[in-house]
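Trainee:
Protein chains: 2
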Amino acid sequence: MKFISNLIPLGDALAKIDENQKLMDTEKIHLKDSQGRVLAHSISSYHNSPPFDKSAMDGYAVIAEDTFGASNNVIKELKIIDRIGAGDFSDKTLSNGEAIVIATGAPIPNGANAVLMKEFTYEDGDNLEIHSQVTPGENVSPKAEDIAKGDELLGENVLIRPQEMGLIASAGHSEVEVYKKPRVKLLITGNELVEPSPEIDKAKIINSNQFSIAALIRSAGAIVDIEHGADDFEAVKEAIDKASKEYDVVITTGGTAISKGDVVIEAVEELGEVLFHGVAMRPGKPVGAGIVNGTQIFMLSGQPVAAMGQFDIVARRYLFKMQGLDYSHKVIKRISQAKIPSSLGRTDYIRAVADDTGVHHVLNRGSGIIRSMVEANCYIIIDENHEGIEKGDEVDLIFFNDMAWPSL
Amino acid sequence: MKFISNLIPLGDALAKIDENQKLMDTEKIHLKDSQGRVLAHSISSYHNSPPFDKSAMDGYAVIAEDTFGASNNVIKELKIIDRIGAGDFSDKTLSNGEAIVIATGAPIPNGANAVLMKEFTYEDGDNLEIHSQVTPGENVSPKAEDIAKGDELLGENVLIRPQEMGLIASAGHSEVEVYKKPRVKLLITGNELVEPSPEIDKAKIINSNQFSIAALIRSAGAIVDIEHGADDFEAVKEAIDKASKEYDVVITTGGTAISKGDVVIEAVEELGEVLFHGVAMRPGKPVGAGIVNGTQIFMLSGQPVAAMGQFDIVARRYLFKMQGLDYSHKVIKRISQAKIPSSLGRTDYIRAVADDTGVHHVLNRGSGIIRSMVEANCYIIIDENHEGIEKGDEVDLIFFNDMAWPSL
């Protein structure tokens, strides 16, 4: 059995992972399926937008100069020579004294230079009374105001939000090239683990990581398949070997059995390379990372809370960066409402509840206490250079919600 | 044709929607599919967690008093009488001078009251040398420390995050009762709208709302089906009638054609009730809401940016509340880096870019300028009681990302 003899600083662990960072291949998908994906190529426009000078109002295309001086007291008259609905256009050219009925979004006809809103008119057959004046360009959205043909609109590695989808469509694209989502195999080891049920046998523990860690993996934009295996060395080794050939990332939980040693770490060592095992952080010290068949392996604890923290702090950003999205924890400042001890040389991430101004840590924080994660909405981070914090200190924290793959 | 004669304040519009707020029916789903859903019933535990006093370490179950005084200089000896792997337990009862090998997570055997870490021992056959002492209870996670059988762990209307999934599993539940996701019909009206393509006919406009508004609906936790129809009154009326019978919510975009009036509003008026049409806000003033066949209808503009804002400000929270999740915009304070004019009596939500301290508005903000939404990451809100803001003023803003259905 191997002990963790050399804890490495968290920064060194993250650097070792960064050195081995991989980027996913790309795929072409329909724009309608692109929400939350990341562009692998820049997007240029096939079109001007608007494609023509268009009306911004329902009203009358006019020559602005014809309206000058019109008011509720000085009513002018124009002759209606055509009508343009949405999606239509007029071949006619406007001369002085003429107007064309126009819908919002329709092209401004030749000769016209403004649109008079319907509210300021009275229409009687082809005769139009106008009660207001407009300036040249008024209520007209000029051609290419939004986008000029050939403009690069979005660079590569841009997250596709609802508005990017709209912009890409307007640019004339119905497909986009994006990074594939990583497929992650979650290997849950542990002979003692059983499915949730009202009755469980003595010495058995409900397998909660298959739910919580799988959900975290999805919250990093990845697709997860779950396998629950025994913690027998040969079985674990075979499962890791197979998964590393079939998946983009392998994440394990548990695998410590006293009679057999830390089977997961040993299996990875035999199959490939252990990048590190043991990080100076709390909770989650026994976390490991390795590479097997060129595939990144993250080895998390079996303890539910330790495993969640290890995923968030060590594995999450690897999955984001695989998909072309640069990720760093969004650190917010709050005033600590209590003294919290820590140790120099160790990074603590402490389950806590923050509001608009303050933060207090969740007191019951054993690494198995999943309830503490339910009470919390953030981690307080105490880095390795600080020996705890005092009540009233400004502290760094990360909201759980800010760690998720952005959904808007 | 109807004009918007009476703009109502935004607060009044939201109140009218609230009065008609509906809650979705519930459904029972497997826990593995529950991420991001909302509990319709509280969850109590079938189990104690841990279900027994369990070892928090790999090591040796001992009687703590037997170890008192042991150190690197004072080595004591115990006799190993059994070995417990993960998922196993021992029927033996420990007497003084005895130890049982124990894995992390295994039940503490009868008679033992502490676990000595493996690091502080030397094992030779059944003989165990110990180099350290432990106190009673050390490295033991007591039965029910996390959860006591029968405890209510989660109330109704709680969002199921990864940690709630873990907790619900630990409580013994493999299924949960949650609110159904609303099914939304997005009806896009407009004869001028065509699919994105490098070549489009004159007077045609690319239908971008089918992508951006559909994505916003999904970002509010709902399921969306899209239909693009003409803006002919009878067709629109029939489509709204049909959709209102088949879907939980109907959202329309566009539908203003000068020759025919505001067909969507008129169709809803004939089919049911218009709650309001025209809100004192910018952009998005012509937004409407109504009820047809008991189903909530939101009527958005055809202009892409106006429609996005109308959805965010008027429709989003209805969809959240349908799913049992109370929603209010998370308002953040930042210093404005520019003067921004507004009008008393009107709520402005202004596309802007905020960082950790300041915010500046996106200058090009016509309601059709979708690019302005791409440049922005938030809305500055100027409520109806403020006539603009000065450079250096603290302003309210809402980050786009904070409006999305929480994903973690």
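Here the protein sequences line up with chains F and V, keeping their order. Residues 0 to 407, numbered by numbering that gives the first Met the number 0, are exactly what the first sequence covers, in order. Residues 0 to 407, numbered by numbering that gives the first Met the number 0, are exactly what the second sequence covers, in order. Virtual Cβ for every residue (Gly too), placed ideally from N, Cα, C.
(1) Does any residue of chain V bring its CB to less than 7 angstroms from the CB of V114/F?
(2) Taking the Cβ atom as the reference point for each residue, do G301/F and G189/F lie within a distance shorter than 7 angstroms?
(3) Would you give the residue range spanned by the alpha helix (DSSP H) that M116/F belongs to?
(4) Between the C-alpha atoms of L318/V and I225/V, what's the straight-line distance to the nearest angstrom?
(5) Does G104/F come within less than 7 angstroms of chain V when only Cβ atoms are used?
(6) Buried or exposed: P49/F, going by 16 or more other Cβ atoms within 10 Å of its Cβ?
(7) Any C-beta of chain V within less than 8 angstroms: which residues of the segment 162–195 of chain F qualify?
(8) Can you tell me the Cβ-Cβ gap for I62/F and N112/F, rounded? I've got them flagged as a contact below 8 angstroms.
(9) Please tell me whether A168/F and P195/V are closer than 7 angstroms, where the distance is taken between their beta carbons.
(10) Answer with yes or no whether the minimum CB distance from D327/V to chain F is below 7 angstroms.
(11) If we cut at 7 angstroms on Cβ distances, does Q322/F have a partner in chain V?
(12) Would you call V330/F buried or exposed, if buried means 16 or more other Cβ atoms sit within 10 Å of its Cβ?
(13) Return yes when the Cβ of K179/V is within less than 7 angstroms of the Cβ of M280/V, no when it is not.
(14) Applying a beta-carbon distance threshold of less than 7 angstroms, which residues of chain F neighbour D87/V?
(15) Alpha helix (DSSP H) containing A12/V: first to last residue?
(16) Quick check on DSSP: helix, strand or coil for F398/V?
(17) Roughly how many whole angstroms lie between the Cα atoms of K148/V and K201/F?
(18) For A353/F, which three-state DSSP category applies?
(19) Among Q132/V, V133/V and L152/V, which residue has its Cα nearest to the Cα of R370/F?
(20) When the Cα of E163/V is compared with those of N208/F, P161/F, E198/F and I159/F, which residue comes out closest?
(21) Going by alpha carbons, who is nearest to S43/V out of R315/V, T294/V and E155/V?
(22) Do you know how far the Cα of R333/V is from the Cα of P181/F?
(23) Would A351/F and C377/F be called neighbours here (beta carbons separated by less than 7 angstroms)?
(24) At the level of alpha carbons, what is the spacing between K21/V and R345/V?
(25) Please confirm if the segment 396–404 of chain F is in contact with the segment 217–224 of chain F, defined as three or more CB-CB distances below 8 angstroms between the two stretches.
(26) Does D81/F come within less than 7 angstroms of chain V when only Cβ atoms are used?
(27) Comparing the C-beta of F372/V with each C-beta of chain F, is any distance below 7 angstroms?
(28) Are at least three pairs of beta-carbons, each pair with one atom in the segment 226–244 of chain F and one in the segment 266–275 of chain F, less than 8 angstroms apart?
(29) Apart from the five residues just before and just after I257/V, which ones in its own chain have a Cβ nearer than 7 angstroms to its Cβ?
(30) Would you say A403/V faces chain F, with C-beta separation under 7 angstroms as the test?
(31) Could you check if T252/F is buried or exposed, using at least 16 other CB atoms within 10 Å of its CB as the buried criterion?
(32) Select from D125/F, A69/F and K78/F the residue whose C-alpha is nearest the C-alpha of Q132/F.
(33) Within the 7 angstroms Cβ cut-off, does I296/F reach chain V?
(34) Tell me whether the beta-carbon of V358/F lies closer than 7 angstroms to the beta-carbon of S341/F.
(35) Using C-beta distances below 6 angstroms, list every residue in its chain close to E137/F, excluding the 5 sequence neighbours before and after it, in chain order.
(36) Would you kindly work out how many angstroms separate the C-alpha atoms of Y326/V and H360/V, rounded to a whole number?
Mentor: Working from what's here:
(1) In the first sequence, residue 114/F corresponds to position 115, counting from 1. Not closer than 7 angstroms to any Cβ of chain V, the Cβ of V114/F fails to qualify, so no.
(2) For the purposes of this step, residue 301/F is identified with residue 302 of the first sequence, where counting begins at 1. For the purposes of this step, residue 189/F is identified with residue 190 of the first sequence, where counting begins at 1. Yes. Within cutoff.
(3) For the purposes of this step, residue 116/F is taken as the residue at position 117 of the first sequence. Element bounds for M116/F: not the alpha helix (DSSP H) but the beta strand (DSSP E), A113 to M116.
(4) Indexing the second sequence from 1 puts residue 318/V at position 319. Indexing the second sequence from 1 puts residue 225/V at position 226. Their backbone Cα atoms lie some 17 angstroms apart in a straight line.
(5) Looking up residue 104/F in the first sequence gives position 105. Cβ-Cβ to chain V under 7 angstroms: yes for G104/F.
(6) In the first sequence, residue 49/F corresponds to position 50, counting from 1. Answer is buried; the Cβ neighbour count reaches 16.
(7) Q162, E163, M164, G165, L166, I167, A168, S169, A170, G171, H172, S173, G189, N190, E191, L192, E194 and P195
(8) As a position in the first sequence, residue 62/F is number 63, starting the count at 1. As a position in the first sequence, residue 112/F is number 113, starting the count at 1. Yes, I62/F and N112/F are in contact; Cβ-Cβ is about 6 angstroms, under 8 angstroms.
(9) For the purposes of this step, residue 168/F is taken as residue 169 along the first sequence, with counting starting at 1. For the purposes of this step, residue 195/V is taken as residue 196 along the second sequence, with counting starting at 1. Going by C-beta atoms, A168/F is nearer than 7 angstroms to P195/V.
(10) Residue mapping note: residue 327/V aligns to position 328 of the second sequence, counting from 1. A small fix is needed here, since residue 327/V is Ser in this sequence, not Asp. Not an interface residue.
(11) On the first sequence, residue 322/F is found 323 positions in, with the first residue counted as 1. No, no contact with chain V.
(12) For this step, residue 330/F is matched to residue 331 along the first sequence. Exposed.
(13) As a first step, residue 280/V is located in the second sequence; it is residue number 281 there, counting from the start. As a first step, residue 179/V is located in the second sequence; it is residue number 180 there, counting from the start. Taking 7 angstroms as the Cβ cut-off, M280/V and K179/V do not qualify as a contacting pair.
(14) Reading the second sequence from its first residue, position 88 is the one you call residue 87/V. Near D87/V (Cβ distances below 7 angstroms), the residues of chain F are A202.
(15) Taking the second sequence and counting its residues from 1, one reaches residue 12/V at position 13. That run of the alpha helix (DSSP H) goes L9 to E18.
(16) The residue given as residue 398/V occupies position 399 in the second sequence. Strand at F398/V.
(17) Within the second sequence, numbered from 1, the residue matching residue 148/V stands at position 149. Within the first sequence, numbered from 1, the residue matching residue 201/F stands at position 202. Approximately 15 angstroms between the Cα atoms of the pair.
(18) Within the first sequence, numbered from 1, the residue matching residue 353/F stands at position 354. Three-state result, A353/F: strand.
(19) For this step, residue 370/F is matched to residue 371 along the first sequence. Among Q132/V, V133/V and L152/V, the Cα nearest to that of R370/F belongs to L152/V.
(20) Residue mapping note: residue 163/V aligns to position 164 of the second sequence, counting from 1. Nearest option by C-alpha distance: N208/F.
(21) Here residue 43/V is taken as the residue at index 44 of the second sequence, counted from 1. For the residues R315/V, T294/V and E155/V, the minimum Cα distance to S43/V belongs to E155/V.
(22) Numbered from 1 along the first sequence, position 182 holds the residue referred to as residue 181/F. Numbered from 1 along the second sequence, position 334 holds the residue referred to as residue 333/V. When rounded, the distance between both Cα atoms is 37 angstroms.
(23) Taking the first residue of the first sequence as position 1, residue 351/F is located at position 352. Taking the first residue of the first sequence as position 1, residue 377/F is located at position 378. Yes, Cβ-Cβ distance for A351/F and C377/F is below 7 angstroms.
(24) Position 22 of the second sequence, counting from 1, holds the residue named residue 21/V. Position 346 of the second sequence, counting from 1, holds the residue named residue 345/V. Each residue's Cα considered, the two are about 28 angstroms apart.
(25) yes
(26) Within the first sequence, the letter at position 82 stands for residue 81/F. For D81/F, the answer is no, since every Cβ of chain V falls outside 7 angstroms of its Cβ.
(27) As a first step, residue 372/V must be located in the second sequence, where it is residue number 373. One point to set straight first is that residue 372/V is Met, not Phe, in the sequence displayed. Output row for M372/V: interface = yes.
(28) yes
(29) Here residue 257/V refers to the residue found at position 258 of the second sequence. Caution applies to I257/V, whose pLDDT of 44 falls short of 50 and renders its modelled position unreliable; the value that the coordinates give is listed next. Result list for I257/V: empty, nothing under 7 angstroms.
(30) Taking the first residue of the second sequence as 1, we reach residue 403/V at position 404. With 7 angstroms as the cut-off, A403/V counts as an interface residue toward chain F.
(31) Within the first sequence, numbered from 1, the residue matching residue 252/F stands at position 253. T252/F should be labelled buried.
(32) Numbered from its first residue, the first sequence carries residue 132/F at position 133. Residue A69/F is the option with its Cα nearest to Q132/F.
(33) Along the first sequence, read from residue 1 onward, the residue named residue 296/F stands at position 297. Output row for I296/F: interface = no.
(34) Mapped onto the first sequence, residue 358/F falls at position 359. Mapped onto the first sequence, residue 341/F falls at position 342. Contact: no.
(35) Working through the first sequence from its first residue, we reach residue 137/F at position 138. Excluding positions up to five away in sequence, the list reads A113.
(36) Taking the second sequence and counting its residues from 1, the one referred to as residue 326/V is at position 327. Taking the second sequence and counting its residues from 1, the one referred to as residue 360/V is at position 361. Taking the straight line joining both Cα atoms gives about 25 angstroms.
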